[in-house]
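Since the structure comes first, as C-alpha cells, the remarks are kept for the end.
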Amino acid sequence: SVLASSQAPRMGDSEGETQRGTFPNLMAEGLMLSRRGELAKALSCYSNALQIQAGDRNCLVARSKCYLRLGDTENALKDAEASLETDKEFTKGLYQKAEALYTMGDFEFALVFYHRGYRLRPELRKFKLGIQKCQEAIENSVGSPSSVKLENRGDLCFLSRQAEVWSSCLFPEWVSD
257 SVLASSQAPR MGDSEGETQR GTFPNLMAEG LMLSRRGELA KALSCYSNAL QIQAGDRNCL
317 VARSKCYLRL GDTENALKDA EASLETDKEF TKGLYQKAEA LYTMGDFEFA LVFYHRGYRL
377 RPELRKFKLG IQKCQEAIEN SVGSPSSVKL ENRGDLCFLS RQAEVWSSCL FPEWVSD
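This note's numbering numbers the first residue of the sequence shown as 257 and each following residue consecutively.
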C-alpha cells in the first residue's frame with residue numbers, strides 16, 4: 257500500500273545517520289569560515305560538531321586554532337590538551353598545544369611540546385620552526401648565556417656561614433675540631 261511505503265524509514269533518515277552526515281558538513285563549514293576570517297561563526301560550527309562527536313581530536317584542534325586567533329589562549333590550550341587525551345603522540349595536538357603555550361608567553365613549556373612533535377615527525381618543518389622561535393624568545397627574555405656575567409660583589413659572609421652550618425648538619429664528619 258502507498259501509506260505503508262511512505263512511512264517506512266528511508267535510507268539515511270535515522271537520527272544517527274543524519275548526525276554523522278552533518279559532522280563533516282560542520283567541519284567543512286567551520287574551516288571555510290575560519291579561512292575567511294569569520295572566526296566567531298567558525299567557532300560555533302566547531303562547537304556544534306563537537307556536540308555531535310564529542311572529543312573528536314581534529315575538531316578540538318580546529319576549534320583551538322580559532323580560539324587562539326581570537327586571543328582566547330585559555331580555551332585554545334584546553335582544547336589542545338583535550339585533543340591529546342586519548343593519544344599523547346597526536347602531532348596536530350602537540351603542535352597546537354605548543355602554539356597556545358607560546359602565545360601565552362610560556363616559551364619553556366612550548367619548547368617541550370615542539371620538541372615532542374619534532375621527535376615524532378622530524379620531517380614537519382613547523383616543529384623545527386617552533387623550536388627556533390622558542391629558543392629566540394627565551395634568549396630575548398633572559399639573554400643569551402654568553403651575555404650573562406655573574407659578579408662576586410658585596411658581602412658574601414652570610415652565604416658562606418649558612419653553607420658551613422648546612423654542611424655541618426648534613427655531613428658532620430666533614431667538620432674538623
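The beta-carbon is built from N, C-alpha and C at its ideal position, and this holds for glycine as well.
- Looking at the backbone, the Cα of residue 365 and that of residue 371 are separated by about 10 Å.
- Secondary structure note for residue 385: its alpha helix (DSSP H) is the uninterrupted segment 381-398.
- Between residue 369 and residue 314, the alpha-carbon positions lie close to 18 Å from each other.
- Taking each of 392, 374 and 391 in turn and checking the Cα distance to residue 384, the smallest one comes out for 374.
- For the set 317, 341 and 393, the Cα lying nearest the Cα of residue 332 is the one of 317.
- For residue 329, the uninterrupted alpha helix (DSSP H) run begins and ends at 329-339, by DSSP.
- The beta carbons of residue 390 and residue 346 sit no closer together than 8 Å.
- With distances taken between CA atoms, residue 395 lies nearest to 367 out of 293, 377 and 367.
- For residue 346, there is no enclosing alpha helix (DSSP H), as DSSP marks it with neither H nor E.
- Counting along the chain, no alpha helix (DSSP H) covers residue 310, and no H or E run does either.
- Restricting attention to 343, 320, 342 and 386, the CA atom closest to the CA of residue 299 is found in 320.
- In this structure, the alpha-carbon of residue 328 lies about 20 Å from that of residue 386.
- In this structure, residue 326 lies away from residue 355, with their beta-carbon atoms at least 8 Å apart.
- The Cβ neighbour count for residue 343, taken over all protein chains shown within 10 Å, is under 16; the residue is labelled exposed.
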